[in-house]
């Protein structure tokens, strides 16, 4: 009986260890317990129209450095009555490879109306909306927005997440003053805490001094 108990305890202990991110990475919820998460690639509301390989759990993983910097962003936002909402963070190379495979099937346009109505699917890579090597796979890039801390309603950014078009660009002018101010508010706080924006996507930020600038990871999110 003691041997059986030992085997069971060992099994659960090893599973606990294997479920942790590798060294240098953390679950974002460990640093920001109240973080809002809508991990789009874990479900089917994304440009592929289906759950993406590599996302086995609804967990947000980042490098320790990026997570600590994001915790500082959250603390500052809370002073103004806001908080962060995460759409994506670390992205396994397996997921990126699935995007490449998706792009090889021009007839699969299930989500075109919502995510790329103005663009041809075959051009999404050349236009910079999807990459064969993503900064997300280096672990210090995050897709996010701001929500009201009380209602959890997203503030109006003048465009939706993962919309492949000019409306998502930081320099897009055909939005209201309030929408532009909201984008600039997010950008200024992210910049203050060490993140740089991506010009094509208002939601996309990368830690300036990322710890793994040349490494593309492929461990599963679990």
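Numbering (mature numbering (1 follows the signal peptide of the UniProt record, and there is no 0)), first residue to last: -19 to -1, 1 to 203.
C-beta atoms are modelled at their ideal positions from N, C-alpha and C, and glycine is treated no differently.
Residue 81 is classed as exposed because its beta carbon has fewer than 16 other beta carbons within 10 Å across all chains shown. Annotation for residue 20: 39 place their beta carbon closer than 6 Å to its own, counting only its chain and skipping 5 residues before and after. The residue from 123, 203 and 22 with its alpha-carbon nearest to that of residue 188 is 123. Pairing residue 72 with residue 118 gives a Cβ-Cβ distance under 8 Å.
At the C-beta level, residue 195 and residue 74 stay beyond 8 Å of one another. Short of 6 Å from the beta carbon of residue 53, and not among the five residues preceding or following it, lie these beta carbons of its own chain, in chain order: 174. With respect to residue 186, residue 146 sits apart: the two C-beta atoms are not nearer than 8 Å. Per the DSSP secondary-structure output, residue 3 pairs with nothing in a beta bridge. For residue 177, no alpha helix (DSSP H) encloses it; the enclosing beta strand (DSSP E) starts and ends at 176 to 179. For residue 124, DSSP records a beta bridge to 69 and 185. In the three-state scheme derived from DSSP, where H, G and I count as helix and E and B as strand, residue 43 is classed as strand.
The Cβ-Cβ distance between residue 76 and residue 34 falls below 8 Å. One alpha carbon belongs to residue 1, the other to residue 11, and they sit about 11 Å apart. With respect to the C-alpha of residue 120, the residue from 37, 46, 14 and 22 having the closest C-alpha is 46.
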